[in-house]
Each structure stands twice: as structure tokens, then as C-alpha cells.
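Numbering (our numbering), first residue to last: 559 to 1025. Working notes, structure below.
Encoded structure:
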């Protein structure tokens, strides 16, 4: 049995909620598939609880900065009351309110784990193992969220390490806390737990905090944390962590030879996409794992976490340490078939088209094309129509013959018959116009920019040639 909706949204976090709401407000139908909590990480284990933890300390410091109030505010924060206030904001993970919001917005909720099971078909596995199928008339929106990324520290996965989830939901204040990282989560949690009485040490691999922001932001936060009594060690990385089974304390070793003893360790080193293992024959992004995979990008921890420290959901649980290739493809009889780069996929009216397939169709239809001289990509159109499909063709005899050979009509007809989508524009180009890599592969992103710099993509009148 299948239930049909215009749009099926996998993931009930902030992105999925907003997407479903926009769909319904436009007069279409949508359903949200969520395996955990409606509202996602933000509502229960990130944005909301972190701000609830930060506010009491900020209010106390603000009062103590004013004469008259400073003399009256002499006591420390009450940790029990701060944590209780946080729990009132998050409901301790009870998503009844947000699930009710979906219902009130006219958006059904399908509880369970969603996976793509075919074109615009989603299988939802419920907690009891029952499987239900949803069919999307127009599109499936993938918004599965991310997982905390753990740095490559020996023993870290065996000590009960904190991530943002434990740091924002813990029920007791650790006497000593070591935070690995120098980004937003690291700085916020160091501030919050220090204000509640923890002795906090930050291990920061870079030479500054918040390196993804303007330098002045990191400088101001450094002054603020130092003023609170947080110890910051720049240019230092943790190499090993171990918990004593008797005392339950954790020993952290660093690459400069130092040893720290603490009660908890918070890994705040970015997040990685949440992937779901697909069955053979199903198209998805190709992920790799093994001893021959690089550890990451040199001195780029954020990019490394996004690409090299991914968590894969399998039937048996989760596996860390996977690398995203950025390619999409599938497995068949233990062989890997690569379809192309994910960033190059052309999405028209909610349907995915591999540009290599469209290019192959054009090459077969246009014998006058230069071998390897066809590029297909999408450009923004009007709000009403969405993206537009553009095809650029290098002609051996030059763009001047395009009209004589009926290039536009032949390309549009061939693509429409084979792929069910009609190119908005067909552009004839001279040999060597299309940007390529040093190995001769098409650089479709550069082809798109070349087209946009030559043709107004929102102009209703296409241009016939680029020279």
C-alpha cells in the first residue's frame, strides 16, 4: 500500500520543516518523515539548549558590570536552576509541541527511518520494523541532517566523549572539562560550563578561535573566555585519551608532550553529513573507507570533517570514518558504476538528470559536434518555472552552421524524447570554447559561468551562439 503526496520530505529538522511548510502554503501536499525528534538537533541538543545555558551567565556578568548591581550580585549561579530552566525550553527531548505544529500546518508526520526506494518513492521503516511506502508526485526533499564529527584521537571513541548532544543535555557539572576545538560550539560550551563552575581547558589546533569568521570576532571571544578563567592552548592537538575505570577520570595527551586530567572531554570539531547505506542498484553518493584513504585536507579541519569524517547509517547501526567522494553512482554485482559529480546533477521540475546522459543523447543526435564537445547544465530561471536546462555544443565547422543544420530543433527534440525535458537554450560554440581540465574533462561549473557571462539566464530570448 502506498500513500501519495506532492512532496515527501525526509528529515524533520529546521530545513525539513520549512520546506514542507512552503510546499503546503503553495497549495500542494507534503509529508515529513522523521526517525527521531521533530525539530531536529537545533531544538533539543544544539541552538536552543545552548542559548538557555549561556543566558544566566551573561545576565550575571551584565549585572556585575554596573555599579549598584555589582554589589548586590555576589553569589555564583545555581547550576540546578540553570539546568532546570534549560529543560523547560527543550522539554527534555519531548517533541509533542513541534509535532503538533506540523499537524496544525496540515503536514502529516510519518515516524520512522526513510530511505529512497526508487524514483520518487520512499520506504519508511517504523520502530516496530513495519515498512510503509510513500510516493511523491513531484519531488522528494532530502534533509537528513548531520552527525557530530570526532577528530582522529586514539581512544576518544572509548571514553564516552561528549559532543554537542551531551554538552547541551548533561545533568551534572563536571569539575574539569577539556574541550577539543576552537569553533562556535567549543566557545559556547566552554563559556556555559565555565559559568557553572567547571575548570575548562580549550585545545585549539589553530592559532586563533573562530578562524572561519573575521579575526576581530576570534580576538573578542578569546578575551571573553580568558576573562572568565578558561585556559586556551593554541597550536595544540589531542593525540590520545583514556578513562580510568576506577576513578572515572580521563587522561588526555597532546602533541606537545603535555598530559591533562579531567572528568569529561567535549569534541567540538565540526559536523559531517548523515548518510544512509543504499541497497545494490540504488543510486546515491559514493562513500569510501579503508587504510588507503587520506586523513583529510592539510590544515583545513572544517573541510576535512565535512568530507573525511562522515557517519554511515547501516542496518547494524552506525559506522564512522567514511569519506564522501562527491560522485554519485551505484553498485551492481560488486562493481561500482560512477554516474558523475553530484554538483553537476541537473534538477528540472523536481526530477534529477545526469548531465552525462543528456550529453550522450546530444552527441548521438548531432554528428557535426566535436567529440567530447557537449555540455549540459542548469541555470536559474524565473520563480514560476525553476531552473532551466542549457546545452552547449562545439561544432567542428564553427557556430555559423548551427542554423543551417537545425541544431536547436534537433537537440531539443532528441533530449525531450529521451529524457522528458526540453532544453531552454541550445548554444553553438566553436571548437575549444568549453572549459576543460588539464586531462580534458569538461568543467561544467565553468561552462555555466561562461554561459551566464555571455547570455542573460533570465532573458526569455535565448542566444544561439557563443564564439
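Just so you know, even glycine gets a beta-carbon here, dropped at the ideal spot from N, CA and C.
- Beta-bridge partners assigned by DSSP to residue 706: 829.
- In the DSSP assignment, residue 680 falls within the beta strand (DSSP E) that extends over 679-683.
- Here residue 732 is buried, its C-beta having at least 16 other C-beta atoms within 10 Å.
- For residue 859, there is no enclosing beta strand (DSSP E); the enclosing alpha helix (DSSP H) has its first and last residue at 859-866.
- Relative to residue 565, the option among 611, 620 and 665 whose CA is nearest is 665.
- Ranked by Cα distance from residue 669, the options 680, 1001, 663 and 676 are led by 680.
- By the Cβ rule, the segment 716-728 does not count as touching the segment 754-763, because fewer than three pairs are nearer than 8 Å.
- Residue range 560-568 is occupied by the beta strand (DSSP E) that includes residue 563.
- It is roughly 10 Å from the alpha-carbon of residue 841 to the alpha-carbon of residue 677.
- Only residues of its own chain outside the window of five on either side were considered, and among them 944 have a CB closer than 7 Å to the CB of residue 907, listed in chain order.
- With the rule of 3 Cβ pairs closer than 8 Å, the segment 614-633 does not count as touching the segment 648-661.
- Taking C-beta atoms under 8 Å as the contact rule, residue 783 and residue 776 fail to qualify, at a distance of about 10 Å.
- The DSSP-derived three-state label of residue 916 is helix.
- With contacts defined as CB atoms closer than 7 Å, residue 911 and residue 977 qualify as a contacting pair.
- If you check the CB distance, residue 794 and residue 807 do not come in under 7 Å.
- By the C-beta density criterion, residue 707 is buried, having at least 16 other C-beta atoms within 10 angstroms.
- Taking C-beta separations shorter than 8 Å and ignoring five residues to either side along the sequence, the partners of residue 913 in its chain run 898, 902, 903, 904, 933, 934, 935 and 1002, following chain order.
- Beta bridge pairing from DSSP links residue 584 with no other residue.
- For residue 757, the uninterrupted beta strand (DSSP E) segment begins and ends at 757-762.
- With a threshold of 16 other beta carbon atoms within 10 Å, residue 599 meets it and is buried.
- Within the segment 695-741, the runs of beta strand (DSSP E) that reach at least 3 residues and sit entirely inside it are, in chain order, 704-706 and 734-738.
- The DSSP assignment places 789-792, 796-801 and 808-812 as complete runs of the beta strand (DSSP E) inside the segment 767-816, in order along the chain (cut-off: 3 residues).
- For residue 975, the enclosing alpha helix (DSSP H) begins and ends at 965-977.
- With a 10 Å radius around the Cβ and a threshold of 16 neighbouring Cβ atoms, residue 607 comes out buried.
- Sixteen is the threshold: when 16 or more other Cβ atoms of the shown chains lie within 10 Å of the Cβ of residue 575, as they do, the residue is buried.
- The residues 682, in chain order, have a CB closer than 6 Å to that of residue 690 in the same chain once the five nearest residues on each side in sequence are set aside.
- Inclusion of residue 832 and residue 746 in the CB contact set at 7 Å is not warranted, their separation being larger than that value.
- Taking the Cα positions, residue 700 is about 5 Å away from residue 568.
- Straight-line measurement puts the Cα of residue 880 at about 11 Å from the Cα of residue 835.
- Straight through space, the alpha carbons of residue 980 and residue 656 are spaced by roughly 41 Å.
- For residue 929, there is no enclosing alpha helix (DSSP H); the enclosing beta strand (DSSP E) has its first and last residue at 927-937.
- Bridge partners of residue 598 according to DSSP: none are assigned.
- Secondary structure at residue 856: coil, using DSSP grouped into helix, strand and coil.
- In this structure, DSSP gives residue 606 a helical state, which the three-state scheme calls helix.
- Here the alpha carbons of residue 594 and residue 729 stand approximately 21 Å from one another.
- Counting along the chain, no beta strand (DSSP E) covers residue 657; the unbroken alpha helix (DSSP H) around it starts and ends at 654-662.
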